[in-house]
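Numbering (full-length UniProt numbering), first residue to last: 1 to 258.
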């Protein structure tokens, strides 16, 4: 078929078989790709209150032993898995139960767990519960749990358990400590231990030596903070010691002298 050219030719190119092959294998237009992506996103299931409870849920149980109650409490948090087997798979808390032999706090514990479960099923960002619960203070005073971490109330420790669970399923991420901070803390701990050992060796008498050795004894579960340490206001851990006339935390590296 003849084509009439009524404008000046500025350039031309010969179409080769390779060009035709590339056109055939060309990616879908942007509009088509966006439509496919939008369709995939529409199929992603998000947490909301209309999701029915499956017959089987996975979860974890945590033990709380507080000096404020006679018997231990067992906090069970069950999770639902959304979009299982896909790249959008997500594990979210679905319900919480607290059991104990002690009936002193039964009424408010049942109310608390029902409200928390309702918040979990609403969806959205439920991590705010952690900060709200950890901010509850007991007017009678708090306590130190194993490891020297201060808990202002029993509700705050339940909040700490919820936080630990949310970290384990990826809802909360701890800011990673830099290599410099880790090295600094390790150095401070080593200096304190060496200074304590030196002081112990310099003291004459078995009783005095034993007393110095007890100052650096292991405390809590798996921690090595001196029993004489005080609470660090930054990490709420009983790990603040005096080194070279300066208050230094052996847990988070905080130093009053900067």
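Don't be surprised by glycine CBs; every beta carbon is placed ideally from N, CA and C.
Beyond the five residues adjoining it in sequence on each side, residue 113 comes within less than 7 angstroms, by CB distance, of 96, 97, 98 in the same chain, given in chain order. DSSP places residue 151 within a strand segment (E or B) once states are collapsed to three. Along the length of the UniProt domain "TSCPD" (53-166), whole beta strand (DSSP E) runs at least 3 residues long occupy 58-64, 73-82, 90-100, 143-145, 149-151, reported in chain order.
About 6 angstroms separates the beta carbons of residue 126 and residue 119, which is inside the 8 angstroms limit, making them a contact pair.
In the three-state DSSP reduction, residue 171 falls in the coil class, being neither helix nor strand. Under DSSP, the beta-bridge partners assigned to residue 255 are 248.
Look at residue 242 here: in three-state DSSP terms it is strand.
Below 8 angstroms, too few C-beta pairs join the region 170-185 and the region 144-153 to call them touching: fewer than three.
Here residue 82 is near residue 45, since their CB atoms are less than 9 angstroms apart.
Under a 10 Å Cβ-count criterion, residue 80 is classified as buried, with 16 or more other Cβ atoms of the shown protein chains found around its own Cβ. Apart from the 5 residues on each side of it in sequence, residue 84 has no Cβ closer than 7 angstroms to any other Cβ in its chain. The beta carbon of residue 129 sits closer than 8 angstroms to the beta carbons of 116, 119, 159, 162 from its chain, once the five residues preceding and following it are set aside; these are given in chain order. Ranked by how close their Cα comes to the Cα of residue 172, the residues 58, 72, 64, 91 have 91 in first place. Across the set 237, 233, 187, the C-alpha of 187 shows the shortest separation from the C-alpha of residue 243. Distances from the alpha-carbon of residue 77 to those of 165, 3, 89 put 165 closest. Of the candidates 157, 47, 16, 122, the residue whose Cα lies closest to the Cα of residue 65 is 157. Annotation: residue 49 to residue 94 spans about 10 angstroms, alpha carbon to alpha carbon.
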